Structure formats: C-alpha cells, structure tokens
Amino acid sequence: MAWPSWLWFLPLGIIVLILAANGVRLGSQRAALDESTVIDHYAAQYLKDHAALEGTGSAALTDCAAVPGSDPGVWIVVRCRPEGATQGWDYYVRRDGGLAFTGRERDERPET
C-alpha cells in the first residue's frame, strides 16, 4: 500500500499547531500582566523575606516602589526599603513577571 504524498506534512502541521497554541497562551498571559500586579506580588515577597531575615514588625507594603529596569531583560525593579534603613531589597523583574535576580544577587554577579 502506498502512502499519500501529502502525509509527510502531517507531523509538520502538528508542530505548527502546538507552537501556535503556545504562542497564543504566552501572549495572553503577557497581555494580562500589569505593573500593579507585579509590584503587589514582590511587595508581598518583601514582607516574607524581611520577616525571615530580620523578624516581623518593621516591614510594610508601603516600603516598596517600582522603577523601570535599566539592565538587559529587566522590565521593572521593585525597590523596598524599611523606614530609616540604608539597605533594602531590590527585585529585578522580567517582562513575564518572573524574578530575574535580586539586588543582592546583582552585587555578587560578575561583570560581563
């Protein structure tokens, strides 16, 4: 029995459909992500980090503010400083909302 000549397109078509579905899914996630959501998420993370390292009490959500990122691949930098503190927490966030690195990690990474 001979296979139809168009049958070799079937695996390629399946791959294209999978890639298109992933593109739509990732695009809709990215479109739904806004600055406020990211800032709220990392401000809550700051409260957890501060409580784990320094104890509870002096950290507040209002300690955090965001600025545009200047490093490659960084969308927003969420900077959290407790009142009266000289050192705080910096969360460098990618466009997809994931954490690229923290301020302390940035200080430790080698220059490229």
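Numbering follows numbering that gives the first Met the number 0, in which position 41 of the sequence shown is assigned residue number 40; successive positions increment by one, without gaps. Glycine included, every Cβ here is placed at the ideal spot set by N, Cα and C. Remember, it's a predicted structure, so these values are computed and weren't measured experimentally.
Under 8 Å between C-beta atoms of residue i and residue j
{"i": "tryptophan 88", "j": "glycine 102", "result": "yes"}
{"i": "alanine 50", "j": "valine 77", "result": "no"}
{"i": "leucine 60", "j": "leucine 46", "result": "yes"}
Classification of residue i by the beta-carbon crowding that lies within 10 angstroms, buried from 16 upward
{"i": "aspartate 62", "result": "buried"}
{"i": "valine 23", "result": "exposed"}
{"i": "proline 109", "result": "Summary for proline 109: the model assigns pLDDT 49, below 50, so the residue's position carries little reliability, and this model does not support an answer."}
{"i": "isoleucine 13", "result": "exposed"}
{"i": "valine 37", "result": "buried"}
{"i": "alanine 1", "result": "exposed"}
{"i": "alanine 58", "result": "buried"}
{"i": "alanine 65", "result": "buried"}
{"i": "serine 4", "result": "exposed"}
Range of the contiguous alpha helix (DSSP H) that encloses residue i
{"i": "aspartate 95", "result": "First-last for aspartate 95: undefined, no H or E at that position."}
{"i": "alanine 37", "result": "Before going further, note that residue 37 is valine rather than alanine in the sequence given. It spans 34-53 - the alpha helix (DSSP H) in which valine 37 sits, taken as one unbroken run."}
Neighbourhood of residue i by C-beta, 7 Å cutoff - its chain only, sequence neighbours within 5 removed
{"i": "alanine 99", "result": "Gly72, Val73, Tyr91, Val92 and Arg93"}
Residues near residue i by beta carbon distance below 6 Å, same chain, minus five either side
{"i": "arginine 80", "result": "Asp62 and Gly87"}
Limits of the unbroken beta strand (DSSP E) element including residue i
{"i": "arginine 80", "result": "Counting along the chain, arginine 80 falls outside any beta strand (DSSP E), and DSSP gives it neither H nor E."}
{"i": "valine 66", "result": "63-67"}
Own chain partners of residue i with C-beta closer than 8 Å, once the 5 adjacent residues on each side are dropped
{"i": "asparagine 21", "result": "none"}
At least 3 beta-carbon pairs within less than 8 Å: the region 65-82 vs the region 10-23 = no
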